[in-house]
Each structure stands twice: as structure tokens, then as C-alpha cells.
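Peer 1:
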Amino acid sequence: MENFRKVGENCVLRGIVNNNVWVSQSVIVVKDEQKETILLLLPGAQCAIPEGYARWRVKKDFSHGTRWQEAKSNHIKLLESPWKTNRVLIFLEPEKFYSIFLFWDHESDQFGCYYINFQLPYRRSHCGFDTLDLDLDIVIDPQYKWKWKDLDHYQAGIQEGGIQDEWVSGIEESKSEVIERINNREYPLDGSWLKWRPEITWKPPALPNNWEKI
């Protein structure tokens with residue numbers, strides 16, 4: 015029997031690669047049940063990201079290697095950094111090769127977009143939930159116009175061997191389901207969470223002790 019986490023509990027959403035922690039985000043549990051887990055990421059929440067993130071993700075500088083080359087290293091160095099700007103609801107479903115995000119600008123409270131994040135199916139850990147971002151995304155605006163995002167990163171990850179064949183198969187098999195959910199505006203893409211707001215007592219959490227332990 016699974017042990018579900020309590021509403022309002024702080025935990026960690028981690029990306030795991032080669033049995034190492036690749037990224038960590040401190041989040042708050044909104045819902046945790048058999049068929050669905052919902053997590054909240056708030057600006058100010060303590061996170062940890064790879065040392066090379068700003069170089070290869072923001073500056074597009076691959077002179078010292080790409081994301082997947084860094085991920086294969088046995089000497090991954092993580093830097094703690096607060097989450098900024100956006101409030102994000104993260105919807106996880108068991109066995110899915112994707113999650114669904116809802117983004118708001120936290121300061122203005124303006125809803126920004128729905129977002130499909132292709133990733134490994136999540137697993138429960140001692141400190142929260144583990145998965146791995148697989149680069150490919152879909153951005154869906156409030157009028158339900160959508161577009162692919164980071165196709166080039168996804169293809170590069172495949173070519174470099176960072177994104178394994180079985181993961182590619184999982185994503186490819188998920189694409190038609192995802193597009194059908196978008197076109198039919200299926201939950202949680204149906205607007206049912208747009209008026210939801212966090213409890214005023216919920217504060218951006220810090221990373222707990224032993225968050226880096228597998």
C-alpha cells in the first residue's frame with residue numbers, strides 16, 4: 015500500500031540521471047492520491063540546478079559540453095538557486111511519460127499557459143517524487159493555441175545517447191494522447207483549476223535534509 019503525502023506537506027521533485035540527482039525543486043503537496051498527484055512550485059522555493067545550466071541552457075554555450083554530456087559525468091555539481099517569477103501547478107499521473115503544468119505570473123496573478131512536459135514516469139522517493147525531464151515540451155496559450163518547444167534539444171539528446179530508445183518510444187506513444195487531451199480540453203486542461211489559489215499560509219519551502227540522497 016502506497017503512503018500518500020498530506021496536503022500542504024513540503025517535499026522535493028527531483029530529476030534523476032545515472033543514479034545521480036540532476037535537479038531538485040522544493041514543492042508543496044496540493045493533492046496526492048492513487049490516480050493523481052498535484053504539486054505547487056512557488057517563487058522563492060529553494061531549488062538545485064546543474065552548474066552548467068546557465069551556460070548551456072541560457073547562453074547556448076556548449077564549449078564545455080552539452081546538457082547530456084554533463085549529465086553523464088560522475089561529478090555533477092549542483093548549485094542552490096531560488097525559483098523565480100512563476101507560480102506553477104504540476105500534475106503527475108502514474109506511468110505517464112509526461113506531466114501537465116499550469117503557469118501563473120505570481121506577482122500579477124495572471125495565468126500564462128498550460129504546458130506539457132515530457133519526462134520519465136515518476137517514482138516516489140524518501141523525500142518526494144523522482145523523474146527526469148526529457149527536453150521535449152508543448153506550450154498551450156489560454157486560447158488553446160499550441161506549439162512544440164525544444165524539439166532541437168530533444169533531437170540532440172537522442173543523437174548524443176542521453177535520451178534512451180525506450181524513453182523515445184514512451185514519448186512517441188504518448189504524443190497522440192497528449193494532442194487529443196489538448197484538442198478536447200480534457201482535465202486538467204479544461205480551466206477547472208484556473209481559479210484555484212494556494213493557502214495564504216503556504217510559504218516557499220526549503221530543500222530538506224538529505225535531498226541529494228538517492
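The opening position of the sequence shown corresponds to residue 15 in the working numbering, with each subsequent residue numbered one higher.
Beta carbons are placed, not taken as given, at the ideal position from N, Cα and C, and that holds for glycine.
Bear in mind the structure is a predicted one, so any value in this text is a computation, not a measurement.
For Q133, does the count of other Cβ atoms within 10 angstroms reach 16, so buried, or fall short, so exposed?
Peer 2: The sequence position of residue 133 within the sequence shown is 119, counting from 1. Buried, since its Cβ has 16 or more Cβ neighbours within 10 Å.
Peer 1: Got a sec? Which residues, its chain only, sit under 6 Å from E23 by beta carbon, not counting five neighbours each side?
Peer 2: Counting from 1 along the sequence shown, the entry for residue 23 is found at position 9. Only V43 meet the Cβ criterion.
Peer 1: What does S95 pair with, by DSSP beta-bridge criteria?
Peer 2: The residue you call residue 95 lines up with position 81 of the sequence shown. S95 pairs with C61.
Peer 1: Starting from R137, follow its DSSP beta bridges and name the residues at the other end.
Peer 2: For this step, residue 137 is matched to residue 123 along the sequence shown. According to DSSP, R137 bridges with D144.
Peer 1: Give the straight-line distance between the Cα atoms of N196 and E121, rounded to the nearest whole angstrom.
Peer 2: The residue given as residue 196 occupies position 182 in the sequence shown. The residue given as residue 121 occupies position 107 in the sequence shown. Rather than Asn, the amino acid found at residue 196 in this sequence is Ile. Between I196 and E121, the C-alpha separation is close to 27 Å.
Peer 1: Report yes or no: do the segment 104-111 and the segment 36-56 share at least 3 C-beta pairs separated by less than 8 Å?
Peer 2: Flag = yes, the segment 104-111 and the segment 36-56 touch.
Peer 1: Is G66 helix, strand or coil by DSSP?
Peer 2: Along the sequence shown, one-based indexing puts residue 66 at 52. Reduced to three states, the DSSP call for G66 is coil.
Peer 1: Just grab the DSSP bridge partners of Y129 for me.
Peer 2: For the purposes of this step, residue 129 is taken as residue 115 along the sequence shown, with counting starting at 1. Answer by DSSP bridge pairing, in chain order: F115 and V153.
Peer 1: Can you tell me where the beta strand (DSSP E) with K163 in it begins and where it stops?
Peer 2: Within the sequence shown, residue 163 is the residue found at index 149, counting from 1. Here the beta strand (DSSP E) through K163 covers W160 to K163.
Peer 1: Measure the beta-carbon distance from Y129 to I90 and round it to whole angstroms, keeping in mind my assumption that it falls under 8 Å.
Peer 2: Translated into the one-based positions of the sequence shown, residue 129 becomes position 115. Translated into the one-based positions of the sequence shown, residue 90 becomes position 76. So it is not a contact: roughly 26 Å between Cβ atoms.
Peer 1: If contacts are defined as beta-carbon pairs under 8 Å, then L221 and S40 qualify, I think. What distance do you get, rounded to the angstrom?
Peer 2: Position 207 of the sequence shown holds residue 221. Position 26 of the sequence shown holds residue 40. Indeed they touch by this definition, with Cβ atoms about 5 Å apart.
Peer 1: Spell out the partners DSSP gives N34 in its beta bridges.
Peer 2: Here residue 34 is taken as the residue at index 20 of the sequence shown, counted from 1. Answer is V31.
Peer 1: Roughly how many angstroms lie between the CA atoms of Y136 and L27, to the nearest whole one?
Peer 2: Sequence index remark: in the sequence shown, residue 136 carries index 122 (1-based). Sequence index remark: in the sequence shown, residue 27 carries index 13 (1-based). The straight-line gap from Cα to Cα measures roughly 9 Å.
Peer 1: How is the beta strand (DSSP E) around N100 delimited, first residue to last?
Peer 2: For this step, residue 100 is matched to residue 86 along the sequence shown. N100 to L106 is the extent of the beta strand (DSSP E) around N100.
Peer 1: To the nearest angstrom, report how far apart E109 and D149 are at their CA atoms.
Peer 2: Working through the sequence shown from its first residue, we reach residue 109 at position 95. Working through the sequence shown from its first residue, we reach residue 149 at position 135. The alpha-carbon atoms of E109 and D149 are separated by roughly 18 Å.
Peer 1: Identify every residue that forms a DSSP beta bridge with V182.
Peer 2: The sequence position of residue 182 within the sequence shown is 168, counting from 1. DSSP output for V182 lists no bridge partner at all.
Peer 1: Does the Cβ of T145 have 16 or more other Cβ atoms within 10 Å, making it buried, or fewer, making it exposed?
Peer 2: Looking up residue 145 in the sequence shown gives position 131. Under this definition T145 is a buried residue.
Peer 1: Give me whichever residues DSSP pairs with I236 in a beta bridge.
Peer 2: Any question about residue 236 goes unanswered here, given that the chain covers just 15 to 228.
Peer 1: Candidates F125, V35, K98 and R19: which alpha carbon is nearest S206's?
Peer 2: Position 192 of the sequence shown, counted from the start, is the residue given in the question as residue 206. Minimum Cα distance to S206 is reached at F125.
Peer 1: Identify the residues that DSSP records as bridge partners of Q124: which are they?
Peer 2: As a working mapping, residue 124 is identified with position 110 in the sequence shown. Paired residues: D119.
Peer 1: Suppose you measure from the CA of G58 to the CA of K209; what does that come to, to the nearest Å?
Peer 2: Start at 1 with the first residue of the sequence shown, and residue 58 comes out as number 44. Start at 1 with the first residue of the sequence shown, and residue 209 comes out as number 195. Taking the straight line joining both Cα atoms gives about 22 Å.
Peer 1: Going by other Cβ atoms of all chains shown within 10 Å of its Cβ, with 16 needed for buried, is V21 buried or exposed?
Peer 2: Against the sequence shown, residue 21 aligns to sequence position 7. When all chains shown are included, V21 counts as exposed.
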